[in-house]
Amino acid sequence: MSKIKDIPKIDRPRERYLQKGADALSKSDLLAILLGSGIKGKNVRLVSENIIRKYGKKFLSITVDELMEIPGIGQTKALQITSAISLVKRFYEENEINETVVKNSQDVLTLTYDLRNMKKEHLVCLYLNARNVLLKKEIISIGIIDKTLLHPREIFYPAIELNAASVILIHNHPSGDSMPSDEDIKFVEKLTQAGEIMGIPVIDFVIISSKGDCSFYEKLERQNKGFDYVAEGVHDTLFDLLKIEKPTYGITTEKIQETYINIPQIKENYFQLQNRRYIGNKYKLIDWIFSILNKECKGKSFADIFAGTGVVAAVASKHFDEIILNDFLHSNYAVYKAFFDKGTWSQEKINGIIKNYNNINGEDLGDNYFSENFGGKYFSTNSAKIIGFIRENIEKNKSKLTEREYNMLISSLLYSVDKIANTVGHYDAYFKKEAVVDNFFMRPIDPIEVKEVSIFREDANELAKKIQTDIVYIDPPYNSRQYSRFYHVLETLTKWDKPKLHGVALKPESENMSDYCRVKAKDRLTELVNAIKAKYLVVSYNNTYDSKSNSSQNKIALEQIKNILNKRGETKIFEKDYRHFNAGNTDFNNHKEYLFVTHVDYE
Ligand SMILES: C[S@@+](CC[C@H](N)C(=O)[O-])C[C@H]1O[C@@H](n2cnc3c(N)ncnc32)[C@H](O)[C@@H]1O
């Protein structure tokens, strides 16, 4: 084995460090320096390489005991290494805590105090993250500023680079008068509109002078409410406060004469596909969507890749020969398998089983997983006992059921559960008052006849790479509300893996968290749209973007969708006024629903 002294001097870690600096060394070289040369008969570099390879990223949590298990490393060396790691971590932690939060215009003035006595005009921008932590302070221009010529790009380009959530602008008036000029006001309006379109709001515009200051934010709204930018959890922006006209996106939308579309047949005492509560479901928009589809798109196959309840695919199955349904939730997959799949089943058998289930009396049952967790909360204790008992029974009898029958029973249970849940329709919370009525009653589902169907439970972006259809309908979530968290009780009931549940809302460990609810949404949609092999792309969108509630704010702006789609082909946009789910948090009632139809250009 080669020894360290056999290595040419310049290749030795210490020598290289001294000549070229730390950046020229690999992780194992740096560790070799820390270990020194005290390992008998062993090349210290080899030992370091082995340690780095063995622990990888876990190296930062390595313990003294683990280090001492390595031949040649004693307590002193182990302590040297772990102390070095702790020292660095400590500095990093302090750095993180040392962040500058900009809560109000007073914080802005502290950060830009130097501008007060400047002889030249300055325009400075503060770039903030979603917690109002300062990411960067940047001088945009110095000297006489012709604000009519200054392009919003100069302010927003760095904001995009920094991934900033909002910006604050500061401008000094060397004259000493802090009153905004007409030019200042027009400039603020232009910028706030641009910020609104870009999804990077302007929070404040502050004028500084030697004799006083003027914060637009304070002047406009906050006189009686305190001066913080975030009040009562709501983040007001200058756009909201100025009450200026909504930006015109340069998009021409079209309206369509709606025709009545047939919804799947109604059979009494059976659940139809649409008989459930589901955020963002398009049931009430079906006539409008299909009036557009029938006019704009031609083809034989239709894919609903964020299918949710599946109502769009259900109507599509009456217009197209082949349909594809996909959603990454387990409960939705079971529902599609029950309603649409081709597998065999017996109505008599299903009805018989459900009839027996309806004869169960909760008071005769002991506690089970479902009642222990959800009884007295999402459901009355008795109902929860019955639901848990039925789910366990379906699982026990799985071998006596066809796959279709199994999914039909689970779906009947999911739909029946939704009817008595002590909630507003999702499972983010339950009403404080326990549901007193024990009226659990199970009804069978009424399946849908389709010609050809394929059902998937995949990430839509992955599926898009594999399928080829004439029309792809895209209806992703657009805000931060994760469907897997909202419908966790249905997920738990479907999977029946009885996970440990956490918090007041009794949620399991997270699974199926959508990138469409995160900052990555725009990149994911771009990737998806570019990957799809279809003649037409049909995208649903609504403008909850304008909402004041943070969780309802859209991750992608209308303009951005248009740009993404336009790259694949000529895009038409249809618009409809629509009242939207808002859980009572928003005061926004000008909801519009949009449908983009892109006729894909073939390369
Ligand atoms: C707006 S809802 C669709 C509503 C549906 N069009 C309807 O009418 O019921 C969005 C759906 O996308 C699903 N989803 C979110 N991210 C996904 C992803 N990355 N892959 C697959 N499904 C996803 C959610 O579970 C949710 O059911």
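Position in the sequence shown counted from 1, then plus 512, gives you our numbering. From the three backbone atoms N, C-alpha and C, an ideal C-beta is built for every residue, glycine too.
Starting from residue i, trace the beta strand (DSSP E) in both directions and tell me its first and last residue.
i	result
residue 787	Element bounds for residue 787: n/a, residue is neither H nor E.
residue 680	678-684
Whole angstroms are fine: how far does the CA of residue j sit from the CA of residue i?
i	j	result
residue 730	residue 541	56 Å
residue 870	residue 927	14 Å
residue 900	residue 915	20 Å
residue 918	residue 866	12 Å
residue 668	residue 648	13 Å
residue 838	residue 1018	27 Å
residue 641	residue 826	42 Å
residue 684	residue 728	14 Å
residue 670	residue 905	59 Å
residue 993	residue 1075	24 Å
residue 679	residue 627	18 Å
residue 577	residue 634	58 Å
residue 888	residue 930	16 Å
residue 530	residue 674	35 Å
residue 1070	residue 710	10 Å
residue 569	residue 563	11 Å
residue 636	residue 654	9 Å
residue 617	residue 544	51 Å
residue 1042	residue 1035	11 Å
residue 922	residue 1050	31 Å
residue 1103	residue 1054	7 Å
residue 814	residue 1032	27 Å
residue 725	residue 682	10 Å
residue 963	residue 895	38 Å
residue 849	residue 785	12 Å
residue 1052	residue 1010	35 Å
residue 555	residue 602	31 Å
residue 622	residue 652	19 Å
residue 532	residue 524	12 Å
residue 833	residue 1067	34 Å
residue 692	residue 804	48 Å
residue 719	residue 697	11 Å
residue 572	residue 597	6 Å
Residue i lies in the alpha helix (DSSP H); which residues open and close that run?
i	result
residue 707	694-710
residue 864	859-870
residue 850	842-851
residue 900	893-908
residue 1088	First-last for residue 1088: 1081-1089, but that is the beta strand (DSSP E), not the alpha helix (DSSP H).
residue 543	539-547
residue 627	Element bounds for residue 627: n/a, residue is neither H nor E.
residue 924	915-932
residue 614	Premise fails: residue 614 is in no alpha helix (DSSP H) and is neither H nor E.
residue 856	First-last for residue 856: undefined, no H or E at that position.
residue 1071	1070-1078
residue 580	576-580
residue 560	556-567
residue 875	Run containing residue 875: none; DSSP gives neither H nor E here.
residue 1036	1033-1043
residue 881	881-886
Run through the DSSP bridge pairs and tell me what residue i is partnered with.
i	result
residue 1053	1106
residue 794	DSSP lists no partner for residue 794.
residue 726	719
residue 640	646 and 678
residue 635	653 and 683
residue 938	DSSP lists no partner for residue 938.
residue 527	In the DSSP output, where bridge partners are listed per residue, residue 527 has none listed.
residue 985	816 and 1050
residue 1112	1081
Please confirm whether residue i has its beta-carbon closer than 8 Å to some beta-carbon of chain E.
i	result
residue 696	This model lacks chain E altogether, as it is built from one protein chain only.
Whole beta strand (DSSP E) runs in the stretch 940-980 with 3 or more residues, listed along the chain? 964-968
So within the stretch 997-1026, which uninterrupted alpha helix (DSSP H) runs reach at least 4 residues, ignoring any that extend past its ends? 1000-1007
Which residue spans inside the stretch 807-838 form an unbroken alpha helix (DSSP H) run of at least 4? 823-828
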